[in-house]
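Q:
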Amino acid sequence: MTEVPQLETPFDEVLNAFAELGNDADPTRVELVTSEILGEWWEADDDLAAGLIDLAARTAEPERLVPALAALRVLATDEDHREAAGLALEKFGLPEPAWAPRLNQVTAGECWRTTDVYGDESSVLVSFGTHGLVVSINYGSFGGWVTDAAIVESPQDVLAELRAVGESTSERIGPEVAHEVVADAFAGTEWQAEPEVGEDFVRFRALALARLRTLPEPDEVEEPEPLTVEEQAEIIDSFFAAAGDEVGDSEDARVVALRVIEFGLEHDSRRPLRVGPAKLTSFVDFVDDGQIELTDEQDAAMAALLPVWARVFGERDGLAEDALTALVEAVEDRLDDREPEGESSLDAYLAGSDDLTPDAVQELLERRQFALPSLTVETEDDEVELDPSDPEQRRMLVLAEFAAEFEDDESELRAVALTTVVDQLWDGEPAETWAAAQRLTESGLERDEVLAELTAVLEERLTYDEDDELEFDLDDYLTALDDLQVTTDDGPA
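For any residue, its number in my numbering is found by taking its place in the sequence shown, counting from 1, and adding 5.
If you want it as structure tokens, here you go:
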């Protein structure tokens with residue numbers, strides 16, 4: 006007779022893996038196999054545990070499902086799945102493997118936590134006799150999140166290795182504290198859509214969570230009181246006082262400082278002002294990802310402010326000089342390494358500003374953005390970004406913006422005057438041009454009106470020399486700029 010092939014289910018590979026383990030398998034081996042299977046499902050974002058449990062209601066071979074259900078009853082990461090697997094086994098009423106009642110039957114021994122000098126990185130080790138659970142936690146964001154987890158042999162050897170890491174501290178903690186720390190960190194990982202975890206995390210995640218459930222529940226801890234608006238303002242004031250001339254005290258810089266504090270309150274609520282490489286580089290990551298929104302001006306202010314923030318609050322945390330230096334360098338490196346898509350047109354505006362003080366950089370940025378608020382010109386098919394540091398491209402930007410004003414036959418002098426005024430504003434020479442522009446702006450004129458006033462002053466003084474080249478008397482021009490003011494019906498403004 007021809008044998009009718011059995012229809013395979015998506016779970017055949019899993020069921021075969023449990024069948025191969027046999028009745029008398031070592032419980033730890035069963036736990037590892039189960040954890041790897043659950044890890045593969047988690048990594049694929051396709052938890053099939055519920056489907057496998059549902060299969061119990063319609064299977065013609067219930068005995069084939071018993072080993073898998075017995076493992077899921079203990080190791081499934083979802084409490085509902087564990088309960089459902091247990092109910093399915095009760096309905097079957099079939100014998101279970103000898104290893105089933107021994108799964109996750111462990112008693113916690115010593116618990117240790119090591120932490121780096123910044124409080125950025127921490128490891129928790131829980132001993133369970135001949136093996137242990139070690140969990141690596143990153144406190145840069147999400148209140149701390151698990152980056153890796155593993156079941157290890159010889160816990161004491163692992164503890165010695167953790168203690169040997171330079172500039173770290175270690176402390177023995179109670180099992181309830183270990184439970185709280187690790188549970189909170191796992192939650193931080195789960196909050197992320199695509200957490201960057203190690204391979205061991207995927208393999209051991211389910212088993213680590215099972216071991217976690219054997220630890221005593223921690224006492225309820227009150228959430229820290231958030232900083233008030235007044236307290237945040239005081240912190241910002243004290244920062245700029247401590248920073249001195251290292252960073253300009255501008256509105257944009259203050260917004261960045263506030264965003265750093267808010268980031269700390271959200272992601273490190275118990276120590277919102279703590280600084281460390283992971284925490285401050287995470288802040289930059291959030292800016293680049295668009296999770297923290299900054300204007301171009303605020304983005305430029307961040308580049309100047311963040312290294313100083315690291316130093317000021319690192320000193321307040323009592324960091325040693327070498328740790329403080331490493332922190333500032335890490336922040337500067339992260340700012341230098343920002344991806345192109347995280348950069349902005351500010352780089353073009355800031356050309357030649359490397360040796361300027363923060364206040365001078367802010368003044369330069371304001372002046373150049375007034376001169377050229379846009380660095381793109383429209384063509385028939387596209388927008389093209391030009392380089393304003395190139396005089397010819399700068400003039401193309403000016404003529405493109407004011408093209409409608411240069412259509413008559415008498416516009417040549419006006420075009421020359423306007424492009425020259427923009428050159429003066431861009432270069433900051435003569436300084437009287439920018440000073441006049443600021444006075445006119447403060448009097449209520451819009452940018453185009455200010456440029457028109459400045460252009461008119463220069464246009465009136467343009468003459469042709471004997472070589473038919475345009476020139477003007479600089480002293481006369483500067484005097485006219487100094488005298489320039491808005492005239493209203495009631496007289497000078």
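Glycine is no exception: its CB is placed at the ideal position from the N, C-alpha and C atoms.
For the alpha helix (DSSP H) that A305 lies in, which residues bound it at each end?
A: Per DSSP, A305 belongs to the alpha helix (DSSP H) from D301 to R321.
Q: Please confirm whether L310 and V261 have their CB atoms less than 7 Å apart.
A: In this structure, V261 lies closer than 7 Å to L310 by Cβ.
Q: Is it buried or exposed, P396, if we count other Cβ atoms within 10 angstroms and call 16 or more buried?
A: Answer is exposed; the Cβ neighbour count stays below 16.
Q: Am I right that R216 and V131 are in contact with their C-beta atoms under 8 Å? What's the rounded C-beta distance?
A: Rounded, the Cβ-Cβ distance is 7 Å, consistent with contact.
Q: Hey, would you say L74 sits closer than 7 Å to A93, going by beta carbons?
A: Closer than 7 Å, so yes.
Q: R78: buried (16+ other C-beta within 10 angstroms of its C-beta) or exposed?
A: Buried, because 16 or more other Cβ atoms sit within 10 Å of the Cβ of R78.
Q: When burial is assigned at 16 or more other CB atoms within 10 Å of the CB, is K284 buried or exposed?
A: Its Cβ being crowded by 16 or more others within 10 Å, K284 is buried.
Q: Which of the three DSSP states is assigned to A408 in this structure?
A: Reduced to three states, the DSSP call for A408 is helix.
Q: Mapping DSSP to helix, strand and coil, what is E368?
A: Looking at E368 - three-state DSSP - the assignment turns out to be helix.
Q: Would you call the region 199-213 and the region 161-174 touching, i.e. three or more CB-CB distances under 8 Å?
A: No, they do not touch.
Q: Can you tell me whether F147 is helix, strand or coil according to DSSP?
A: Coil, per DSSP.
Q: In chain order, what residues of the same chain have a beta carbon less than 8 Å from the beta carbon of L475, not counting five sequence neighbours either side?
A: So the list reads L418, V421, L467, T468 and Y469, once near-sequence residues are dropped.
Q: Three or more C-beta pairs closer than 8 Å, one from the region 380-387 and one from the region 456-466: is that the case here?
A: Contact fails: fewer than three Cβ-Cβ distances are below 8 Å.
Q: Only counting the same chain, and skipping five residues up and downstream in sequence, which positions put a Cβ closer than 6 Å to that of E346?
A: Reliability fails at E346, whose pLDDT of 45 lies under 50, so the model's placement of it is uncertain and the value that follows must be treated cautiously. So the list is empty, once near-sequence residues are dropped.
Q: If we call anything under 7 Å between Cβ atoms a contact, is L332 one with P393?
A: Going by C-beta atoms, L332 is not nearer than 7 Å to P393.
Q: Whose C-alpha, out of E66, P72, L212 and Y482, is nearest the C-alpha of V19?
A: Checked all of E66, P72, L212 and Y482; the closest Cα to V19 is P72.
Q: Would you call N28 buried or exposed, if buried means 16 or more other Cβ atoms sit within 10 Å of its Cβ?
A: It counts as exposed.
Q: Measure the alpha-carbon distance for W196 versus V426 and round it to whole angstroms.
A: Near 54 Å, if we compare the C-alpha coordinates of V426 and W196.
Q: Note the first and the last residue of the continuous beta strand (DSSP E) segment covering T39.
A: Element bounds for T39: not the beta strand (DSSP E) but the alpha helix (DSSP H), P32 to E48.
Q: Note down the Cα distance separating P312 from A258, rounded to an integer number of angstroms.
A: Straight-line Cα distance between these residues: approximately 13 Å.
Q: What's the call for Q429, buried or exposed, on a 16-neighbour Cβ count within 10 Å?
A: When all chains shown are included, Q429 counts as buried.
Q: Straight-line CA distance for F245 to R316?
A: Spanning the two alpha carbons is a distance of roughly 12 Å.
Q: Can you name, in chain order, every residue of its own chain whose Cβ lies under 7 Å from the Cβ of L270, other than the five neighbours on each side?
A: The answer, listed in chain order, is P231, L232 and P277.
Q: If you follow the alpha helix (DSSP H) that I2 is in, where does it begin and where does it stop?
A: The structure shown has nothing for residue 2, since the chain only spans 6 to 498.
Q: Taking only runs that begin and end inside the region 235-274, name each unbroken alpha helix (DSSP H) of 4 or more residues, in chain order.
A: Segments of the alpha helix (DSSP H) lying fully in the region 235-274: 256-272.
Q: Let's test the definition: count the other Cβ atoms within 10 Å of the Cβ of D294 and tell me whether it reaches 16, buried, or not, exposed.
A: The residue in question, D294, is exposed, as its Cβ has fewer than 16 Cβ neighbours within 10 Å.
Q: Within its chain, find whatever has a CB closer than 8 Å to the CB of G433; leave out the 5 residues flanking it on each side and keep chain order.
A: So the list reads L369, R372 and W439, once near-sequence residues are dropped.
Q: Looking at the structure shown, is V140 part of a helix, part of a strand, or coil, going by DSSP?
A: Residue state, collapsed to three classes: strand.
Q: May I ask you to report which of helix, strand or coil DSSP gives F97?
A: The answer is helix: DSSP assigns F97 an H, G or I state.
Q: Going by the beta-carbon positions, is the gap between V129 and V140 smaller than 7 Å?
A: Cβ distance < 7 Å, so V129 and V140 count as in contact.
Q: Considering Cα atoms alone, identify which of L489, D473, F477 and P435 is closest to S448.
A: Here the closest residue by C-alpha is L489.
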